[in-house]
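The numbering of the sequence shown is my numbering, which starts it at 116 and goes up by one.
Structure record follows, encoded as C-alpha cells.
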Amino acid sequence: MKAFIFGILLLANTAMAGETGVWLKSNDEDSVVARLPRLIMATFVDQGFKQKEISPGIFELKVSNVRCDYLSRDAAYPDLPTGGLPSVKCYTDAVLEMNGKGTKIQEGRYLNELFNTIQEKRDLPITDCAMGGKCVSFVSTIQCWVDLNMEEMKDAYSCFLK
116 MKAFIFGILL
126 LANTAMAGET
136 GVWLKSNDED
146 SVVARLPRLI
156 MATFVDQGFK
166 QKEISPGIFE
176 LKVSNVRCDY
186 LSRDAAYPDL
196 PTGGLPSVKC
206 YTDAVLEMNG
216 KGTKIQEGRY
226 LNELFNTIQE
236 KRDLPITDCA
246 MGGKCVSFVS
256 TIQCWVDLNM
266 EEMKDAYSCF
276 LK
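And the structure:
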C-alpha cells in the first residue's frame with residue numbers, strides 16, 4: 116500500500132517537475148518552510164475549501180488564481196487614523212489586476228504574509244510592487260496534499276505553488 120501511495124506522489128512530483136513553481140514539504144530542513152504546507156492547507160480549509168480524497172488516506176486541496184492586493188497607506192494618508200495601517204485583501208478565482216474580480220478570502224492578511232515568506236525562502240516571484248505603495252501577489256495554482264498514512268505527521272504535508 117505504501118508503495119502505491121509513494122507511486123501516486125511520485126507521479127504528481129514528476130508531472131509538475133517541469134513547471135515553474137515551488138514545492139513546500141513539511142519535512143523540509145528549514146523549520147519555517149516546514150510549517151508552510153500545513154498553514155496553507157489550514158487557511159483554505161478554514162475558509163471553507165474542501166479536500167478531496169484521491170486515495171485512501173491521501174487528501175488533496177486545489178485552489179486557483181489567488182491574488183492579494185496590498186496598499187501601504189503610509190505616504191498617501193498621513194493624517195488619517197488608518198494612515199499607518201496597510202490594507203490587504205485577497206481573492207480566489209481572481210484575475211491578475213489590482214481590484215479585479217474574485218471571491219474574497221477572510222484570512223487575507225495572514226495569507227499575504229505566507230506568500231511573502233514563500234517568496235523570501237524559496238525565491239518564487241509572487242509579489243510585484245508599483246509606486247504609491249501598491250503591491251499585487253498572485254499564485255495561479257496552489258495544490259496541497261496530506262498523507263494520513265504516514266507514520267509521522269512531520270512527513271505528511273506538501274504543497275506545490277505556481
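Glycine included, each C-beta is placed from N, C-alpha and C at the ideal position.
The structure displayed is predicted, hence computed values, not measured ones.
Under the three-state DSSP convention, the category residue i falls into
i, result
"I173", "strand"
"I241", "coil"
"V251", "strand"
"E168", "strand"
"L154", "helix"
"T135", "coil"
"Q234", "helix"
Residue burial classification, residue i (beta-carbon count within 10 angstroms, cutoff 16)
i, result
"P152", "buried"
"S146", "exposed"
"I155", "buried"
"S179", "exposed"
Candidates the options: closest to residue i by CA position
i, options, result
"K277", "K249, R237, M246 and E267", "R237"
"Y185", "E267, R224 and G199", "R224"
"G247", "R150, N264, P171 and S187", "S187"
"Q234", "V251, Q221 and I220", "V251"
"Q162", "K177, K140, P171 and E168", "K177"
"R182", "W260, V148 and T242", "T242"
"N231", "E168, K219 and C244", "C244"
"I220", "F164, P240, S141 and M265", "F164"
"G217", "L139, K140 and S255", "S255"
Rounded straight-line distance, which links the Cα of residue j to that of residue i
i, j, result
"I257", "G199", "31 Å"
"T207", "L226", "11 Å"
"K269", "D194", "48 Å"
"C205", "G136", "20 Å"
Residue i - partner residues in DSSP beta bridges
i, result
"S146", "In the DSSP output, where bridge partners are listed per residue, S146 has none listed."
"I220", "C205"
"Q258", "K177 and F275"
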